[in-house]
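Residue numbers (the UniProt record's numbering): 1 to 1017.
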């Protein structure tokens, strides 16, 4: 017979785009140009403006050449050549690269030309008029004026005046100033200041550094908008005063990014737990505010465009209050794009919005290309958009597949032609069909896809040998029992085992093989003919796609469920339908083996129960974000945070309530302070939970894993990923890896009480094992420390700082200019930011002191002298200078170097749990004088002069210390420490710790006070 045929039954729509192909088509056209512009800006920011111009011209010429050489070619059927798609991407990439190069060149030219860079090179003293562009932020290191608060703020330099000229300019500068008055200034204020200009430490972002000296003069008040924003921020801080100290500091940081009152320990815990992003306002905060605005406007009954407009206004106002940090700018622009799409009824595409946002920000604010905050924000968002949906779907079995997933056509519905495009939903498959004569071998016709809407005629069939394997999607006119199944792991229609459904019902099949579900149907187009059942079973289509000859299309993988060896002949039957009246012994006898093999393929996932969709999404989002930002974190800090996913999962329920309640309290605080405090109280509970989770996660074993920083660390991370990903994609290896991980955790938990991590948790001070010399590290916050003396060897001092994880040294104190205390200074400067160096006022005219001054001048690091009473506050540590006076040192002492030793800078360090005295190399006379002039107490005593015999017993006794630290080299030629000194210390009941015996020695904070922990040699 012949004529139109309409195929019915469950099937997959051939030719429909798979999720992977859809994602690729969505990502590349915008993502590649945006990434190219970002990379170009990152490189060119450190180059002269001319280099940027050359790069722009080269990229523009490349775009023109690409457009000319790779012209689209039209085939006979009117389709563009396949290269046209990538040709367009290449042209767009080159154009965006040229635009970014032009933007960077203009920016670099603006900040490197004119009088300001020249004045900065001469360290000129100027009177300047500046406009603040952000809130002044307090610096923990106290700056150059002791006992005063120090601030740093970005500003725009408008007018610069020297003794001989006055010029109008408009360049960005970074302002360093001291004085509490700076804490009250707001963005947009116009000030007049005096100070010195200095060259910036990094190129391409600011024209100069302005070191302010003296009080500022206010020329104009802040704008109305900034005044209102400042009032809201101050109101939130005031309302949060009802909370405990840790919570009152974190709540403003969580809501509006105000970290001015953050507790240092909370900051450290959140960093180690991977929660520090909560202190920086980002897309999550904007999403919460926009979502609340949309919900409120919907309750009122506003139309969709108006709701989108209100959401956009709310996001802009929130960004003004939170200040335009890189993460806020990224989130704001993406939010505005989403609001525009919502208001106009267009499709919202997160990847396209992110790419467009990155491109626009790089073009208009090119300095963001080198911002770690911007990189973290973009990579985290990209991970959530690209990785999280896939991981969520793999961890859950969605009841309702998304439109991108392949969906079977309901039984009885016509199967569409399968081509992309506006084909009718129920377009029938037409063609002619001629049955084979009875008893003759049957060929099967394969449906070949054609353009959408076109009929499929009989000529589209391709004969297949009758005894060959039958593929799913092939119409074979033989009497058989078949079923359509759906593998929820791939969301594709799969062939089911042949056999008699009476032998094993549907419930039994699903019970044995929970990963597969479906329904049986009888298909026998020619019930009155005798046919052979094809040998070899059926082939499975894991990923159907357009372009394959067949209804399902796609690349076929050999997943035969029945044996296909030549020594197994094809079974035959008598033509009766297998409905209980006839037999099918060969096929029925192989049903058990077939089903067991099918289920064995899903045994791994079958034993793991699927997560609910909401739970899978809760796990996938933080995991994807953490994986995406890990390369940036390695470049920044050189460490990994394995606990970050768990910590973010636990705090997620508390972030939204704390943000909404805190922002509501901030809005009403100028009008109703008591009401704001009522809202802050429940927000405090949510913030308290975040602090608890951060503290718990930071105390877990290996909460942070040390990793090489910079490009070597990034290369090592990529190598590890290249090795690990193929292994983890194999199910057999997953079990092996999981076993190894569990075994490693068991070993860690067993050995951890024996092996002490370094630095120990809660460390306050570390005395480095530098040999015969002194080198101490005083905690100044996460990754920061004050260094007191540097030992004799730069390499040894550098290794000690690396072990402790110090990347910034706001202050170095060199007690006196002897080689065993100062020659290790180059190791401190190696790869670290150093703020200033304090030296003794008594310096010799030659030797190590002169070399130190020359080294500091070469690195443009200020060198200061101090007198008693100078005080600094660095994170948890408060340092006070006790000695020397200007006339100390030369007036007493005898022996080689005694005058210089007695002129040592003496530091008293105070923490909330105790204190320590660092006495340099003081000898007997200076010790007695210090005791008479500055009687004080200390829990920890750093024994002066490496424990030499020139010690005053009264000095050692008077401080009431409980532990004595001695920095000394093993088997040194000086005989340090002297037996007499050790005898006095032990007689006083002090616990003595020596670097020559114990290696590095750390003073740590405990709940009941302080303790001493040794690293061992």
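Ideal Cβ placement from N, Cα and C applies to all residues, glycine included.
For this session: Please classify residue 1018: is it buried, with 16 or more other beta-carbons within 10 angstroms of its beta-carbon, or exposed?
Result: With the chain running from 1 to 1017 in the structure shown, residue 1018 is simply not present.
Problem set entry | Close Cβ partners of residue 278 (< 6 Å) along its chain, the five nearest in sequence each way excluded | 254
Exercise. If you draw a straight line from the alpha carbon of residue 161 to that of residue 117, how long is it in whole angstroms?
Worked result: 14 Å
For this session: Scan the region 147 to 228 and note each continuous alpha helix (DSSP H) run of 4 residues or more that stays entirely inside, going in chain order.
Result: Correct list: empty.
Exercise. CA-CA distance, residue 114 and residue 219?
Worked result: Whole-angstrom Cα-Cα distance: 25 Å.
Exercise. Looking at the structure shown, is residue 983 part of a helix, part of a strand, or coil, going by DSSP?
Worked result: helix
Exercise. Curious, which full-length beta strand (DSSP E) runs of at least 3 residues does the region 919 to 980 contain?
Worked result: List check, beta strand (DSSP E) in window: 940 to 942, 963 to 966.
Problem set entry | Inter-stretch contact (C-beta, 8 Å, three-pair minimum) for the region 964 to 983 and the region 760 to 776 | yes
For this session: Can you have a look at residue 221 and say buried or exposed, based on whether 16 or more other CB atoms are within 10 angstroms of its CB?
Result: With a threshold of 16 other beta carbon atoms within 10 Å, residue 221 falls short and is exposed.
Exercise. Is residue 789 helix, strand or coil when you go by DSSP?
Worked result: In the three-state scheme derived from DSSP, where H, G and I count as helix and E and B as strand, residue 789 is classed as strand.
Exercise. Taking Cβ positions, are residue 818 and residue 840 nearer each other than 8 Å?
Worked result: no
Exercise. Where are the beta strand (DSSP E) runs, 3 residues long or more, that stay fully inside the region 648 to 728, in chain order?
Worked result: none
Exercise. Alpha carbon to alpha carbon, what distance is there between residue 1002 and residue 755?
Worked result: Because the pLDDT of residue 755 is 49, which lies under 50, any placement of that residue in the model is unreliable, and the question is left without a value.
Exercise. Residue 1058 by DSSP, collapsed to three states: which one?
Worked result: Residue 1058 lies beyond the residue range present for the chain, which begins at 1 and ends at 1017; the question has no answer from this structure.
For this session: With a cut-off of 8 Å on the beta carbons, I'd call residue 645 and residue 626 a contact; round off their distance for me.
Result: Between residue 626 and residue 645 the Cβ distance is about 5 Å, and since that is below 8 Å, they are a contact.
Problem set entry | Status (buried if at least 16 other CB within 10 Å, exposed otherwise) for residue 246 | buried
Exercise. Which of helix, strand or coil does DSSP assign to residue 1009?
Worked result: strand
Exercise. Between residue 694 and residue 275, is the Cβ-Cβ spacing less than 8 Å?
Worked result: yes
Problem set entry | Exposure label - residue 364; buried when at least 16 CB within 10 Å | exposed
Exercise. From residue 317 to residue 87, what does the alpha carbon distance come to, in whole angstroms?
Worked result: 41 Å
Problem set entry | Helix, strand or coil at residue 619 [DSSP, three-state] | helix
Exercise. Ends of the alpha helix (DSSP H) at residue 821?
Worked result: 819 to 822
For this session: Specify the secondary structure class of residue 641 as computed by DSSP and reduced to three states.
Result: coil
Problem set entry | Paired residues, beta bridge with residue 137 - DSSP | 152
For this session: Under 8 Å Cβ to Cβ from residue 631, same chain only, skipping five residues before and after it: list those, please.
Result: 379, 714, 717, 718
Problem set entry | Assumed close pair residue 320, residue 256 - CB separation to whole angstroms, cut-off 8 Å | Approximately 10 Å separates the beta-carbon atoms of residue 320 and residue 256; this is outside 8 Å, ruling out the contact.
Exercise. Taking residue 191 as the reference, which of 241, 137, 130, 214 has the closest Cα?
Worked result: 130
Problem set entry | Member of 225, 1014, 842 whose CA lies at the smallest distance from the CA of residue 884 | For the options 225, 1014, 842, the alpha carbon positioned closest to that of residue 884 is the one of 842.
Exercise. Do you know how far the Cα of residue 178 is from the Cα of residue 234?
Worked result: Cα to Cα, residue 234 sits roughly 21 Å from residue 178.
Exercise. For the beta strand (DSSP E) that contains residue 994, what are its first and last residues?
Worked result: From DSSP, the beta strand (DSSP E) with residue 994 extends over 991 to 994.
Exercise. Is it the case that the Cβ atoms of residue 808 and residue 837 are separated by a distance below 8 Å?
Worked result: no
Exercise. If you draw a straight line from the C-alpha of residue 163 to the C-alpha of residue 125, how long is it?
Worked result: 9 Å
For this session: May I ask which residues mark the beginning and end of the alpha helix (DSSP H) holding residue 68?
Result: 49 to 69
Exercise. Excluding five sequence neighbours on each side, which residues of the same chain lie with their C-beta closer than 8 Å to the C-beta of residue 667?
Worked result: 232
Exercise. Count the other CB atoms within 10 Å of the CB of residue 901; is the residue buried (16 or more) or exposed (fewer)?
Worked result: buried
For this session: Using the Cα positions of residue 623 and residue 388, report the straight-line distance between them to the nearest angstrom.
Result: 8 Å
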